[in-house]
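Novice:
In full-length UniProt numbering, the protein residues as written are 1 to 224.
1) The beta strand (DSSP E) spanning residue 76 covers which residue range?
2) Is the region 60-70 in contact with the region 85-96, if contact means three or more CB pairs nearer than 8 Å?
3) Mind checking whether residue 132 and residue 50 have CB atoms under 7 Å apart?
4) Under 7 Å between the Cβ atoms of residue 42 and residue 55?
5) Tell me residue 15's beta-bridge partners as DSSP assigns them.
6) On the DSSP bridge list, what partners appear for residue 94?
7) Which runs of the alpha helix (DSSP H) spanning at least 4 residues fall entirely within the region 153-187, listed in chain order?
8) Out of curiosity, what's the CA-to-CA distance linking residue 170 and residue 204?
9) From this set, 79, 63 and 84, which residue's C-alpha is nearest residue 53's C-alpha?
10) Report the residue from 10, 202, 3 and 2 whose alpha carbon sits nearest the alpha carbon of residue 76.
11) Which of the three DSSP states, helix, strand or coil, is assigned to residue 111?
12) Out of 25, 7, 141 and 149, which has the shortest C-alpha to C-alpha gap to residue 79?
13) Between 99, 40, 17 and 3, which lies nearest to residue 47 when the distance is taken from Cα to Cα?
Below is the structure:
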C-alpha cells in the first residue's frame with residue numbers, strides 16, 4: 001500500500017520508532033497515511049490481525065516522527081524506520097494489542113534490527129522521541145516481550161540502587177539517557193510509560209530513580 005509521502009534520507013538508519021495509529025480503524029489510518037495532503041506516512045503498518053503493509057521503501061525517509069529528539073539526534077525521520085501499529089489510541093478507546101499483531105511486530109522489528117545492526121536502546125516509541133506531543137504506543141504496549149527477545153531494552157528489576165537524585169538530578173540523568181527534557185513532566189511521563197507503565201503520574205520516586213540508574217550503567221559494547 002504505497003504512500004506518496006516520503007523524500008530522501010540524509011542519515012544512515014540507526015533507529016526503529018514504534019507508533020500506534022490513534023485512529024478509529026485500519027482503513028482510516030491507511031487513508032491518512034496515503035493522503036498527499038496529510039503529509040504523514042510510515043514505512044510499515046501492522047493491522048490487528050497481523051497483516052503487514054509496506055508503505056514507504058526502507059531506503060527512503062517516511063514522515064512519521066515529526067519534531068523529535070533522541071540521544072542528541074533531531075533528524076529522527078532521516079535515521080529511523082517508522083512502524084504504525086493499528087490501535088485506536090488514547091483518544092478513541094485505547095486497548096491491548098492482540099497477540100497476532102504483536103507477533104507480526106516482533107518479526108518485523110527483528111528483521112529490521114538485524115539488517116541495520118540497530119542497538120536495543122534505539123528501538124523506541126513515538127513518546128520517547130516526542131514526549132511533549134505523543135503518548136504512543138502507550139503503556140499497554142508489551143515492551144517486555146520485545147525485551148525478552150533482545151529487541152528492546154528491558155526494564156531493570158534486580159539489584160537496584162536508589163541514587164537519591166533530586167528531580168533536577170533525575171532530569172539530567174534522563175537527558176543523558178536520551179530524552180528531551182525541555183518539558184520535564186512530559187519527559188518523566190514518557191519514561192514511566194516506557195519503563196514503569198503501571199504508574200504514569202509524572203512524579204519522580206525511588207523506583208523511577210532506580211530504574212534510570214540501572215539503565216545508565218555500562219552495558220556490553222553495541223548493546224545499549
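Cβ coordinates follow ideal geometry from the N, Cα and C atoms, glycine included.
Here the structure is a predicted model, which is why all the values come from computation and not from measurement.
Specialist: Taking the coordinates as given:
1) Careful: residue 76 lies outside any beta strand (DSSP E), inside the alpha helix (DSSP H) at 76-79.
2) no
3) no
4) A Cβ-Cβ contact shorter than 7 Å links residue 42 with residue 55.
5) Paired residues: 80.
6) Bridge partners of residue 94: none, in fact.
7) 167-177
8) Spanning the alpha carbons of residue 170 and residue 204 requires a straight line of approximately 8 Å.
9) 84
10) The shortest Cα separation from residue 76 among 10, 202, 3 and 2 belongs to 10.
11) helix
12) The shortest Cα separation from residue 79 among 25, 7, 141 and 149 belongs to 7.
13) 99
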